Amino acid sequence: MIWQFDIIILIFLVVTAVIALRVKDLLGASMVFGIYSFLICLLWAEMGAVDVAFTEAAVGAGVSTVIMIATVFSTTRRSKD
Amino acid sequence: MDIIIASFLEDSIVPKFNYWIYVILMMIGLYAMITKNNLIKKLIGMAIFQTAIILLYVSVGVKADANIPIISHHGEKDHVEHAQNENLDSASEGSSHHGSKKEYHVIDKNKFANPLPHVLMLTAIVVGVSTLGLALAISQKVHGSFGTLEEDEILDQLRPGGHD
Amino acid sequence: MKFFGLLSVIIVGFLLLSATKDFPNWGDEDSPANSGPVSSFYIEKTEEKTKVPNMVTAVLADYRGYDTMFETVVIFIAGIGIIAVLRTYGNNESIPKNQVGDEGAGLLARMTCSLILPFIQLFALYVVAHGHHSPGGGFQGGVMLGASYILLALAYGLARAKSCFSEKRTLVFAALGIFIYVGWGVLCLVMGSEFLNYSALDSILPGGVEMARSHSMLAVEIGVALTVTAIMFSMFSNLSTKGRLDKGL
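Chains as they are written, first to last, in my numbering: chain A, 944 to 1024; chain B, 5 to 168; chain C, 2 to 250.
Structure, rendered in structure tokens:
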């Protein structure tokens, strides 16, 4: 519940979300999406939701990023926008 | 000067800042789902949308100066008391009110964060990853069938002029 | 198209932002969500009625047990759906046989993974079992256990991971997890009470009524962990090989 921490992480979240959608390389977009998941897990741990943070760290930053990278390897890696 | 800025931040921006960022993130996700051409970018937008909703719910359940929603028992004395009281409980057929000898002190509900949004959001996260997995499988099949992941090229192939 | 998307997003965003004016302050203790009767009941009465200090696990596995059961079914359906979408039957292309010489990653990665994998699995089992007293529970432990098999597949090649956890075994585990959960609820029915009312199992589980609820929560969390483990590994192995399960990433 440290509000300074909170404001900084929230600003980073918006920046990371915009970057994940603007990068043209799909592998890079998946990695930045993994960074977004880690940041939001940190935010929830700071707000006192430890079970939610644990689940997000395991599922969002772990399995979700890995299956997205697996799909990118099976299909194309460049995107037009 | 620092104190003035800090108090200005704390009184007028901190109370609602989580909610403004949640709206901004949700709109970023929605914009990506509507306007992006690439299917994988649309899915990233969907995932950002889902985590923004979860941010709203968890922010609602926050209490200032509250602890995590796990009741902790410090030290060995409490464990020994637990064991003795459990023997007594099971001997007397499990009735849970014993008057003054109980080890459950009254719990102040303002000391713990609200556990109900956390429970609902656990389900939401897991359903989100299931949806993402299935959507990625379908996009792999689309790529195998059309050769591309861009939406406008797929629509061109689907129109009566192209093949398929 | 982009202009209309931007316009609609700006309008909806403006409406939602003007609605946040009426929200209670962040961290307020007297907001309707925090001072309502349901949340207060969960915080104050969970430990004395179920003897489980972790309120989130108690609410998830006991008070809201229906939701958790159907959430496990949703994960199961997603895993089956991925197999159904990606699997092709028939001979439209020559499907290569399972290649024996799939090495996976290099020597350094393999040595590191072989040292660290047992500890990951042990920690995952600890998280499942200790979910009553610390943050954790069925989902978190199950995902970690599934991720340990994914690490095995990445380091040693998919063939090695498939020899530990073949496709038939994943499906059996996934169905077994749901069977445990639903079977526990039916056991409560057999004992004479409602579906998933754990206090009816007081006569066959040791301890009082509260300990019966605590033990039942552990049993259903084990069911959830089994399903989640199997489906996480199955999702990865199908998505990385386009359903063919021959060579990994």
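Glycine included, every Cβ here is placed at the ideal spot set by N, Cα and C. Just so we're clear, the structure is a prediction, and the values are computed from it rather than from any experiment.
Distance check for residue 954(A) and residue 28(B), CA to CA, integer angstroms please.
Those two C-alpha atoms are separated by around 11 Å.
Cutting at 8 Å between CB atoms, please list the residues of its own chain near residue 51(C), excluding the five before and the five after it.
Excluding residues up to 5 positions away in sequence, 59, 63, 211, 214, 215 and 218 lie with their Cβ nearer than 8 Å to the Cβ of residue 51(C) in the same chain.
Checking contacts by CB at 7 Å: is residue 1(C) closer than that to chain B?
Only positions 2 to 250 of chain C appear in this structure, which leaves residue 1(C) out of reach.
How many Å lie between residue 142(C) and residue 966(A) at the Cα?
Each residue's Cα considered, the two are about 33 Å apart.
Within this structure, are the beta carbons of residue 118(B) and residue 65(B) separated by less than 7 Å?
yes
Beta-carbon separation of residue 990(A) and residue 62(B) under 7 Å?
yes
Do the segment 143-159 of chain B and the segment 26-42 of chain B make contact, defined as three or more Cβ pairs closer than 8 Å?
yes
Taking any Cβ of chain C, which residues in the segment 38-65 of chain B have a Cβ under 8 Å from it, in chain order?
38, 39, 63, 64 and 65
Going by the beta-carbon positions, is the gap between residue 79(C) and residue 134(B) smaller than 7 Å?
yes
Measure from the alpha carbon of residue 139(C) to the alpha carbon of each residue in 7(C), 234(C) and 229(C), then state which is nearest.
229(C)
Can you list, in chain order, the residues of its chain whose CB lies under 8 Å from that of residue 49(B), leaving out five sequence neighbours each side?
32, 33, 34, 35, 36, 37 and 40
Contact criterion: CB-CB distance below 7 Å. Does residue 958(A) meet it with respect to chain C?
no
May I ask you to report which of helix, strand or coil DSSP gives residue 23(C)?
In the structure shown, residue 23(C) sits in a helix (DSSP, three-state: H, G or I).
Can you give the Cα-Cα distance for residue 947(A) and residue 171(C), rounded to whole angstroms?
45 Å
From the beta carbon of residue 1008(A), is the nearest beta carbon of chain C less than 7 Å away?
Residue contact with chain C for residue 1008(A): absent (no Cβ-Cβ distance below 7 Å to any residue of chain C).
So, does the segment 232-242 of chain C touch the segment 1002-1011 of chain A, judging by three or more C-beta pairs under 8 Å?
yes
I need the straight-line Cα distance from residue 19(B) to residue 146(C), nearest angstrom please.
Those two C-alpha atoms are separated by around 39 Å.
Rounded to whole angstroms, what's the CA-CA distance from residue 982(A) to residue 40(C)? Just pull it up for me.
A direct Cα-Cα distance of roughly 28 Å separates residue 982(A) from residue 40(C).
Going along the segment 26-38 of chain C in order, which residues come within less than 9 Å of chain A, judged by CB to CB distance?
27 and 28
When you compare the CB of residue 993(A) with every CB in chain C, is at least one pair closer than 7 Å?
yes
Can you pull the chain A neighbours of residue 129(B), defined as C-beta to C-beta under 8 Å?
Neighbours of residue 129(B) on chain A, chain order: 995, 998, 999, 1002 and 1003.
Would you say residue 147(B) reaches chain C, if we count a Cβ-Cβ gap shorter than 7 Å as a contact?
For residue 147(B), the answer is no, since every Cβ of chain C falls outside 7 Å of its Cβ.
For the putative contact between residue 1014(A) and residue 140(B), defined by C-beta atoms under 8 Å, what is the C-beta separation to the nearest angstrom?
4 Å
Please name the residue, chosen from 2(C), 74(C), 12(C) and 222(C), that lies closest to residue 130(C) on a Cα-to-Cα basis.
222(C)
How would you list, in chain order, the residues of chain C whose beta-carbon sits under 7 Å from the beta-carbon of residue 161(B)?
Within chain C, no residue comes near residue 161(B); the closest Cβ sits about 18 Å away, beyond 7 Å.
Smallest Cα separation from residue 158(C): which of 30(C), 126(C), 106(C) and 166(C)?
106(C)
Nearest to residue 959(A) by alpha carbon, out of 6(B), 5(B), 46(B) and 52(B)?
52(B)
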